[in-house]
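S.K.: Structure below; questions to follow.
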Amino acid sequence: MGVGGIDQSVLRRIEDEYALGISSADILDLLASLGIKFSEATLRKWVQLGLLPRSVRVGIKGKNTGSHGMYPVTVVRQIIEIKELLSDGLTIEQVQQNVLFMRGELEELRRAIAKVFVTLEAVVDKVESQSLRNSVSVDLNHARAMADQLLERLANVETNLARRCEIMEVPAATG
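At position 118 of the sequence shown (counting the first as 1) the number is 117 in numbering that gives the first Met the number 0, and the numbers step up by one without a gap.
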């Protein structure tokens with residue numbers, strides 16, 4: 000099972016489909032389709048608090064069509080994780096101060112790994128030998144699964160450490 004009870008394969012499909020970024024409207028639509036209540040106002044607040052990454056302005060092809068904000072697709076996974084932590088009883092302040100201490104580094108690692116795979120796949124596509132292309136593709140698929148497991152385990156370690164730290168900080172009840 001994945002984050003917040005959402006199957007890992009569903010999260011990977013979303014991340015593959017929106018690999019180049021995801022708009023706030025798409026974030027809200029996706030979360031709604033997963034049965035998760037989330038609003039544009041909450042998205043803006045969580046970005047402002049540093050719980051989520053800021054969007055990047057991306058130009059729209061065509062003359063005078065402007066640009067729109069795109070978030071890294073991993074923001075969907077982050078929202079689900081944060082909502083799960085809040086439902087476990089943590090406050091926004093606790094999440095902000097203690098839980099997300101490695102989030103930026105993990106997100107950077109996730110993007111770097113994704114870039115490596117894109118580069119390798121582009122090279123594989125140019126290989127003339129079908130047998131070599133097939134062999135390397137199998138290796139790449141295996142490596143991608145391992146990378147996904149690594150990232151998931153590191154995120155779980157971060158969450159578990161943060162929860163344990165949070166539990167230790169809770170003052171004892173006085174009678």
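Glycine included, C-beta positions come from ideal geometry on N, C-alpha and C.
For the putative contact between Leu85 and Val74, defined by C-beta atoms under 8 Å, what is the C-beta separation to the nearest angstrom?
M.R.: Incorrect: roughly 16 Å between the Cβ atoms, too far for contact.
S.K.: From Leu131 to Asn140, what does the alpha carbon distance come to, in whole angstroms?
M.R.: Approximately 14 Å between the Cα atoms of the pair.
S.K.: What's the call for Thr158, buried or exposed, on a 16-neighbour Cβ count within 10 Å?
M.R.: By the neighbour-count rule (16 or more Cβ atoms within 10 Å), Thr158 is buried.
S.K.: Please state whether DSSP places Val55 in a helix, a strand or coil.
M.R.: strand
S.K.: Could you tell me the distance, in whole angstroms, from the CA atom of Thr90 to the CA atom of Ile13?
M.R.: 28 Å
S.K.: Please report the distance separating the alpha-carbon of Met0 from that of Gln7.
M.R.: Low per-residue confidence applies at Met0: pLDDT is 48, beneath 50, and the placement is therefore not dependable, though the value from the model is reported in the following sentence. Those two C-alpha atoms are separated by around 6 Å.
S.K.: By DSSP, does Ser5 sit in helix, in strand, or in coil?
M.R.: Just to set this straight, residue 5 is Ile in the shown sequence, not Ser. Here Ile5 sits in coil by DSSP.
S.K.: Quick check: the Cα distance between Met145 and Gly4, rounded to an integer number of angstroms?
M.R.: Each residue's alpha carbon lies about 21 Å from the other.
S.K.: Could you say which of Pro52, Asp25, Ile78, Ala142 lies nearest to Leu119 if we only look at CA atoms?
M.R.: Ala142
S.K.: Considering only C-alpha positions, which residue in the set Asn133, Arg76, Val135 is nearest to Leu29?
M.R.: Arg76
S.K.: Assign Asn155 to buried or exposed, taking buried as 16 or more other Cβ atoms, counted over all protein chains shown, within 10 Å of its Cβ.
M.R.: exposed
S.K.: Which stretch, first to last residue, makes up the alpha helix (DSSP H) that contains Ala31?
M.R.: Looking at the DSSP string, the run of the alpha helix (DSSP H) that includes Ala31 is 23-32.
S.K.: For Arg110, is the classification buried or exposed, using 16 other Cβ atoms within 10 angstroms of its Cβ as the cut-off for buried?
M.R.: exposed
S.K.: Comparing C-alpha positions only, which one of Arg43, Leu108, Gln96 sits nearest to Ile78?
M.R.: Arg43
S.K.: Expressed to the nearest angstrom, what Euclidean distance is found between the alpha-carbon atoms of Ile81 and Gln129?
M.R.: 44 Å
S.K.: Should Ser54 go down as buried or exposed, given a rule of 16 or more other Cβ atoms within 10 Å for buried?
M.R.: buried
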